[in-house]
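Residues -27 to -1, 1 to 338 in mature numbering (1 follows the signal peptide of the UniProt record, and there is no 0) are what the sequence shown lists, from first letter to last. All C-beta atoms in this analysis are idealised placements derived from N, C-alpha and C, irrespective of residue type, glycine included. Okay, so here's the structure we're looking at.
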Amino acid sequence: MSRSPRQALSLSAWVIVIGCHFSVASASDPKSDEGVLFHDSHFHLTNYVQEGPSLSEFLRLMGTKVGRSMVSGIPLQQQWMYANTGDFAPTYYTQTDAPLYYYSFTDAIIAHEYLRLKPEERKRFDPMITGFNPTDMYAADHIRRVLMTFPGVFSGIGEFSIHKEFVSSKISGEVATLENKALDRILEFAGEVGLPVVLHCDVNTPFPRPDQDPYIVVKLKELADRHPETVVIWAHIGLGRVVRPVKDQLAMVERGLRERESKNIHFDISWDETAKYLVGKPEAIEATADLINRFPTRFLFGTDCVAPKTQEQYLEVYEMYEPLLSQLTPEAKHLLLKGNYERIFDEARRSVRVKECSKATGASA
Ligand SMILES: [Zn+2]
């Protein structure tokens, strides 16, 4: 029997049919926290051709220096188009003109890797659902389906991208936008279940003309305002390889932080490309440290490392940020590196597991 599209769109109709015997992993054990530099709020186990270390190999790279990590795949697959690059097999989106396409199997890879770990090891990871097309009204149904198929595994969704330099225009099909109803459905479902959302959205277009209207900022704020119940982590504060801070970007972020009562918007400072702006000049370090010190509960550290091979490579972004970290208050530094991660992802684990169980038993959440 086929469902009508209307039924298919009913977000509250999701049912987890597998029992709710999964326990909620507790917050980090304080004894094992000693010597831990940070928790990683932004990490990709796979690259743009879905290759990378196993989760147990990554655990070895984390060692005793990194406590916990969110784990996402990459929602996009770079096509190897023979007509374009011949025998050269591109592994990154800048290496070819061939398109990227949404690759849902990435979520199964992440779940499979997580479930291969011992229960004690799993406590250190927060797997994320990323393999959906954010222009598709069925995207929220994909997220629901992943939760149903792998109950007890996922903590959030993302990183997925709306506006992203060099990427958005290469993706097959409809271009993602902040006003797409499909995106509203994703954020609505995330809010309902308690899945934090790691969203990549460049703050501006690459190489804007002087005085070009940074229209993305306005639409992003409107999106967040439409979903006050959804925890959104704005990846890289909207910065990129060539997308520079818009004029007075930190002042703009501060206005947003002051205005919003619901406190649902957070910012991650992940990616070496972000670090190059935030620690590039003494004035930038001072201004960024000042903002984080005044709003310490709203910023998270992440590496945005993609499929790392060595611990040295994995810790590079953390080391780049040393000049910024040294200017933070002890409280702000703790929250940026660990405290905010624990607050957001502990609550996410609790909420998602409860929702999975309540849907299985029919109880109201
Ligand atoms: Zn990323």
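Start and end of the beta strand (DSSP E) containing Y75?
-> In the sequence shown, residue 75 corresponds to position 102, counting from 1. Segment 73 to 75, the beta strand (DSSP E) holding Y75.
Can you give me the Cβ contacts of N20 inside the same chain, cut-off strictly under 7 Å, excluding the 5 residues immediately before and after it?
-> Residue numbering aside, residue 20 sits at position 47 when the sequence shown is read from its first letter. Answer for N20: I47, T64, V279, A280, listed in chain order.
State the Cα-Cα distance for the pair L196 and E152, rounded to the nearest angstrom.
-> Translated into the one-based positions of the sequence shown, residue 196 becomes position 223. Translated into the one-based positions of the sequence shown, residue 152 becomes position 179. Rounded to whole angstroms, the separation of the alpha carbons of E152 and L196 is 7 Å.
Beta-carbon gap between Q222 and V176 smaller than 9 Å = Translated into positions along the sequence shown, residue 222 becomes position 249. Translated into positions along the sequence shown, residue 176 becomes position 203. It is a contact, given that the beta carbons lie within the stated cut-off.
Return the chain-ordered list of same chain residues with a C-beta closer than 7 Å to the C-beta of L193, the five sequence neighbours on each side being excluded.
-> Looking up residue 193 in the sequence shown gives position 220. These residues qualify, in order along the chain: L151, C174.
Are at least three pairs of beta-carbons, each pair with one atom in the region 87 to 94 and one in the region 50 to 57, less than 8 Å apart?
-> no
Find the nearest neighbour of L172 within the set R199, F133, I238, judged by alpha-carbon distance.
-> To locate residue 172, count along the sequence shown from 1; it is residue 199. Per the Cα distances, F133.
Between K236, E285, V290, which lies nearest to T247 when the distance is taken from Cα to Cα?
-> In the sequence shown, the residue the question calls residue 247 occupies position 274. Comparing Cα-Cα distances from T247 to each of K236, E285, V290, the minimum goes to V290.
Figure out for me which residue from T108, A257, C330, V166 has the closest Cα to the Cα of G146.
-> In the sequence shown, the residue the question calls residue 146 occupies position 173. Comparing Cα-Cα distances from G146 to each of T108, A257, C330, V166, the minimum goes to T108.
So, helix, strand or coil for S1, using DSSP?
-> What you label residue 1 is simply residue 28 of the sequence shown in a count that begins at 1. In this prediction, S1 has a pLDDT of 45, which is less than 50 and means its spatial position is unreliable; nothing more can be read from the coordinates.
The beta strand (DSSP E) enclosing I206, as first and last residue numbers | Residue numbering aside, residue 206 sits at position 233 when the sequence shown is read from its first letter. Here the beta strand (DSSP E) through I206 covers 205 to 207.
Kindly indicate which residue of K306, Y76, N57 has the alpha-carbon position closest to the one of T69.
-> The count along the sequence shown starts at 1 and reaches residue 69 at position 96. That would be N57, whose Cα lies nearest to the Cα of T69.
Does ligand 1 have a heavy atom nearer than 8 Å to the CB of E132?
-> Here residue 132 corresponds to residue number 159 of the sequence shown, with the count starting at 1. It does: the Cβ of E132 is within 8 Å (strictly closer) of some heavy atom of ligand 1.
Extent of the continuous beta strand (DSSP E) run through M101 | Residue numbering aside, residue 101 sits at position 128 when the sequence shown is read from its first letter. Note, M101: beta strand (DSSP E), 98 to 102.
Return the CA-CA distance between residue 422 and V44, expressed in angstroms with no decimal places.
-> Look at the range of the chain in this structure, -27 to 338, and you will see that residue 422 is not part of it.
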